[in-house]
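Trainee: The structure that follows is given in the form of structure tokens.
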Amino acid sequence: MNNYVIGVDYGTDSVRSVIVDASNGKEIASSTFNYPRWKKGLYCDSANQQFRQHPLDYLEGLEQSVRNIVK
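Just so we're aligned: 103 in my numbering is position 29 of the sequence shown, and the numbers increase by one with no gaps anywhere.
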């Protein structure tokens, strides 16, 4: 039986997920999900240097990016 590791990286405009074979470090699959609300410019006020994230972007990004790599 092989052991695998899932890694998730949250960035400013996207979340990235990867599956790695734990025995040899080989990348099995990866996926990137761009935050839809960030892409639309919602919750940002660049004139005041305010850039906010919406929690649903993180939750939807986790769900979709992990779903894409375990197909």
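The beta carbon of each residue, even a glycine, is placed where N, CA and C say it ideally should be.
1. Please state if the CB of residue 80 and the CB of residue 91 are separated by a distance shorter than 8 Å.
2. Pull the bridge partners of residue 109 from the DSSP assignment, please.
3. Can you give me the Cβ contacts of residue 136 inside the same chain, cut-off strictly under 7 Å, excluding the 5 residues immediately before and after it?
4. When the distance is taken between beta carbons, is residue 131 closer than 8 Å to residue 111?
5. Identify which residue in 100, 143, 93 and 84 has its Cα closest to the Cα of residue 128.
Mentor: Let's see:
1. On the sequence shown, position 17 is the one that residue 91 refers to. On the sequence shown, position 6 is the one that residue 80 refers to. Closer than 8 Å, so yes.
2. As a position in the sequence shown, residue 109 is number 35, starting the count at 1. Note: residue 109 sits in no beta bridge, so no partner.
3. By 1-based counting over the sequence shown, the position of residue 136 is 62. Hits under 7 Å: 82 and 89.
4. For the purposes of this step, residue 111 is taken as the residue at position 37 of the sequence shown. For the purposes of this step, residue 131 is taken as the residue at position 57 of the sequence shown. Against a cut-off of 8 Å, the Cβ pair of residue 131 and residue 111 comes out as a contact.
5. The count along the sequence shown starts at 1 and reaches residue 128 at position 54. When only C-alpha atoms are compared, the closest one is 84.
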